[in-house]
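J.: One structure, pasted below without further comment.
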């Protein structure tokens, strides 16, 4: 029995000691640390390219947005994060409002990335662009019937509309942009109309919206462009098509994935270098190849497949409004029973 | 003597208090002023959420109680074709994470799934949205959680005195009457214990409810946090879950009462035998549950895996496997060690209501959503740092954040309920007479623990350990937030892929997890059959 007890305590002690050493090891200086809500398979190739070019190693920790932001906040001055990378302008805006970022003024970034995709004070920069737009069944919908996001609230779409859950940040940002352009009252009517027109409980994923249209559950929906890109890459003949919403009014809602240098970065120079690299043509090409997204820079063309979807007018609303209006947009959707 | 006993109470109390640490931090959110957010929630969100949470708990509760009890009764009391392998096969769904089962079911049974497409093609009936209403999500939870009740009820049926059932038969009672009037009442404490764990886990779930877009209390918690950025209101809402769980435990205690109906010997005689058609109907029913809850989802995962195998498998998998393995083994050892210490029998403990309450409180982490508990833990560490800075020390945040130690602590706190349920069940069977005689003979408490208590509690300790192991392996939110660099687990990989809609690739790490979980369950079953 004694022997068992001592083996047991050796195990416990060794677990505890290795666990602390793991934490201490992480703070070395010739490398960068990135906290990211973008998933590993989408960021690793970018960091590998950066390391190959500069010799600077990049460590990363992926996680969920809200939780990672709390972690950086609580780590305070001792944070290991040099760069915080996330998807959706709403999240970037929130991270900025929590004082997570330091302002960066870099000619390279300003040259590469258009103004409306960056924070006005240089706290964060968008790095890849996705359009959130209308998708329709080519078998059952004539594109001449389609026009705007707002028009999907029209009674003619009753029982034909599939939407993603209001709990997803992409939905919140889209509604935030409608509030920005049309005000609360008009947007309330639109959201109410959407809810009335739903063919099914709002879906958890954009992918499910597309499969539902293919299966005939609904005819139109709203999705992020890259989900359609992935589907098309697998099944080029799927009877689905993107429609660029709001071309004659405010332009199609675009959103970004992006990053900012953290306020307490130990190595801000290299962190800025990484951010500049991510905005460069070389990295933008990797972005585009990995995920069927649009480049944030206008210096390169979109991937062949998504170039076939044609050019469109982007909504030029500065993306920080997506964050500022977010609480309003969520309460509006909750009041109208958009689940 | 007395002071020594007080000492042991004090140590147990201290241990329970440390385990409760994240729960206390979450509940302490009430010291912060609520915001106007409560008004919006009370008006627009909570009335509906309370109703839908209640419906879910009621449906899942009834479902797992009925299904788990009936299955356990059939495999213990009735001889039917296939009984021998089905008896253990019914444990296997434990190995499947709930959110994995949910995405498989949606992929197969929702409007665009194979099952409905086939149904429409062959019968012409129109399709339907299985996420509307609550029946489909209730069914999913029932199929994933019934093993908790099955496991407990089965053990209880095995220990029921065969004489009582024979007496019932002799008095002319029909089988159903014997089941309802004798067996079920005798197994009531066991069923209630399984039910309790199920309801706590349902309350805390975020993965399944998100996939079904079903609103429960956790929806409001995440909305407060994610949408309105109020971590205080999120924690206040979460503490209501703790309160509900506390009531559930209270009712479970009541259901259990003071009575202990167990006989210590196990009978291998099956009083009933289902032959002919009846036997095959019984088989079809039990086999159907096994198919739906394990075989079919496994088959679907395998089909998806085959398509994406080449794309997904890489040398990183060695890393996922080792992180999963190290975390699972170390968290299990620690959790069970603490649970054992808390469950050790002592007369002093029986006398102290406060200590018992505190120990019960320390098991409530199971009812908290994982990420709320994890953030609670970060805030707790932050508070300690603030105190330390106040007294001229320095912050400990950077030492603890992202350390395996903190993650292990989170696991202990989160899974204490599972481990403690098992260890305390086995310690309750130790009669107080041991303590009295040990005292008379002047033997020390350490010796009593080593030579009497631990050997007697071993089956409960091992059973608890295996259950905790499966749960730790499947755990996602706390691991995701607290893990050190590079410590990605299989569960994290599943989440990262499935949250991007890449279900076919996510099937590969999911399948590995189910495979490892199944091995753990097989160990459990082996242990179990040695016991009987």
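Residue numbers (our numbering), protein chains in the order written: chain A, 347 to 685; chain B, 280 to 811. Beta carbons: idealized from backbone N, C-alpha and C, even for Gly. Keep in mind it's a predicted model, so treat the numbers as computed, not measured.
Quick one: Cα of residue 304 of chain B to Cα of residue 754 of chain B, how far?
T.: Whole-angstrom Cα-Cα distance: 21 Å.
J.: With distances taken between CB atoms, is the gap from residue 474 of chain A to residue 642 of chain A smaller than 8 Å?
T.: Yes, the Cβ-Cβ distance between residue 474 of chain A and residue 642 of chain A is below 8 Å.
J.: Any beta carbon of chain B sitting closer than 8 Å to that of residue 684 of chain A?
T.: Output row for residue 684 of chain A: interface = no.
J.: I want to see whether chain B comes within less than 8 Å of residue 548 of chain A, judged by CB atoms only; does it?
T.: Cβ-Cβ to chain B under 8 Å: yes for residue 548 of chain A.
J.: Residue 630 of chain A CB to nearest chain B CB: under 8 Å?
T.: No - not a single Cβ of chain B is within 8 Å of the one on residue 630 of chain A.
J.: Can you look up residue 701 of chain A in the DSSP assignment and give me helix, strand or coil?
T.: For residue 701 of chain A there is no data in the structure shown, the boundaries of chain A being 347 and 685.
J.: Who pairs with residue 464 of chain A in a beta bridge, going by DSSP?
T.: The partner list for residue 464 of chain A (beta bridge, DSSP) reads A:471.
J.: Using a Cβ cut-off of 8 Å (strictly closer), state whether residue 492 of chain B contacts chain A.
T.: By this cut-off, residue 492 of chain B is an interface position.
J.: Under 8 Å between C-beta atoms, does residue 405 of chain A make it to chain B?
T.: Interface residue, yes.
J.: If contacts are defined as beta-carbon pairs under 8 Å, then residue 433 of chain A and residue 603 of chain A qualify, I think. What distance do you get, rounded to the angstrom?
T.: That belief holds up - the Cβ atoms of residue 433 of chain A and residue 603 of chain A are roughly 4 Å apart, short of 8 Å.
J.: Since residue 424 of chain A meets chain B, which of its residues come closer than 7 Å, beta carbon to beta carbon?
T.: What residue 424 of chain A touches in chain B: 674, 676, 677.
J.: Check whether the Cβ atoms of residue 462 of chain B and residue 442 of chain B lie closer than 8 Å to each other.
T.: No; because the gap between Cβ atoms is not below 8 Å, this pair is not in contact.
J.: Would you identify the three-state DSSP class for residue 392 of chain A, choosing helix, strand or coil?
T.: Of the three classes helix, strand and coil, the one that applies to residue 392 of chain A here is helix, per DSSP.
J.: By a C-beta neighbour count over all protein chains shown, 10 Å radius and 16 as the cutoff for buried, is residue 662 of chain B buried or exposed?
T.: Counting Cβ neighbours within 10 Å, residue 662 of chain B comes out exposed, since fewer than 16 surround it.
J.: Would residue 659 of chain B count as contacting chain A if we go by Cβ distances under 8 Å?
T.: So no, residue 659 of chain B is outside the interface.
J.: When DSSP builds the beta bridges, which residues end up paired with residue 670 of chain B?
T.: In the DSSP output, where bridge partners are listed per residue, residue 670 of chain B has none listed.
J.: Where do the ends of the alpha helix (DSSP H) carrying residue 525 of chain B lie?
T.: Element bounds for residue 525 of chain B: 510-535.
J.: Residues of the segment 641-674 of chain A in Cβ contact with chain B at a cutoff of 8 Å, in chain order, please.
T.: Hits within the stretch, in order: 672, 673.
J.: Can you give the Cα-Cα distance for residue 612 of chain A and residue 613 of chain B, rounded to whole angstroms?
T.: Taking the straight line joining both Cα atoms gives about 35 Å.
J.: Does DSSP put residue 610 of chain A in a helix, in a strand, or in coil?
T.: Reduced to three states, the DSSP call for residue 610 of chain A is coil.
J.: Ignore the nearest five residues each way along the sequence and tell me which others in residue 595 of chain A's own chain have a CB closer than 7 Å to its CB.
T.: Counting only Cβ-Cβ distances below 7 Å, and skipping sequence neighbours, we find 494.
J.: Ordered along the chain, which non-local residues of its own chain (more than five positions away) have a Cβ less than 6 Å from that of residue 787 of chain B?
T.: Around residue 787 of chain B: 584, 591.
J.: Is residue 563 of chain A close to chain B, meaning its C-beta is less than 8 Å from at least one C-beta of that chain?
T.: Closer than 8 Å to some Cβ of chain B, the Cβ of residue 563 of chain A qualifies, so yes.
J.: Please list, in chain order, the residues of the segment 382-398 of chain A that have any C-beta partner in chain B closer than 9 Å.
T.: Here the close residues are 385, 386, 387, 388.
J.: Suppose you measure from the CA of residue 468 of chain B to the CA of residue 347 of chain B; what does that come to, to the nearest Å?
T.: Those two C-alpha atoms are separated by around 14 Å.
J.: When the Cα atoms are used, what is the spatial distance from residue 370 of chain B to residue 741 of chain B?
T.: Taking the straight line joining both Cα atoms gives about 16 Å.
J.: Hey, residue 490 of chain B and residue 381 of chain B are a contact pair by Cβ (cut 8 Å); roughly how many whole angstroms apart?
T.: Confirmed, Cβ separation roughly 5 Å.
J.: Are the beta-carbon atoms of residue 647 of chain B and residue 302 of chain B separated by less than 8 Å?
T.: Yes, the pair counts as a contact, with Cβ atoms nearer than the cut-off.
J.: Going by other Cβ atoms of all chains shown within 10 Å of its Cβ, with 16 needed for buried, is residue 590 of chain A buried or exposed?
T.: Result: buried.
J.: Is the CB-CB distance between residue 652 of chain B and residue 757 of chain B below 8 Å?
T.: Cβ atoms of residue 652 of chain B and residue 757 of chain B: closer than 8 Å.
J.: Looking only at its own chain, which residues have a Cβ that is under 7 Å from the Cβ of residue 675 of chain A, when we skip the five neighbours before and after it?
T.: Once the five neighbours on either side are set aside, the close Cβ partners of residue 675 of chain A are 518, 521, 522, 525.
J.: Let me know the alpha helix (DSSP H) ranges lying completely inside the segment 627-711 of chain B, each 4 residues or longer, listed in chain order.
T.: With a minimum length of 4 residues, the continuous alpha helix (DSSP H) runs that stay inside the segment 627-711 of chain B are 632-640, 649-669, 676-679, 683-706.
J.: Report yes if the CB atom of residue 391 of chain A is closer than 8 Å to the CB atom of residue 636 of chain A, and no otherwise.
T.: Closer than 8 Å, so yes.
J.: Indicate the three-state DSSP secondary structure (helix, strand or coil) for residue 589 of chain A in the structure shown.
T.: In this structure, residue 589 of chain A counts as strand in the three-state DSSP scheme.
J.: On the premise that residue 638 of chain A lies in contact with residue 576 of chain A, defined as a C-beta separation below 8 Å, what is that separation, rounded to the nearest angstrom?
T.: Correct: roughly 6 Å between the Cβ atoms.
J.: Have a look at residue 525 of chain B and residue 507 of chain B and give me their C-alpha separation to the nearest angstrom.
T.: Using only the alpha carbons, I get a separation of about 28 Å.
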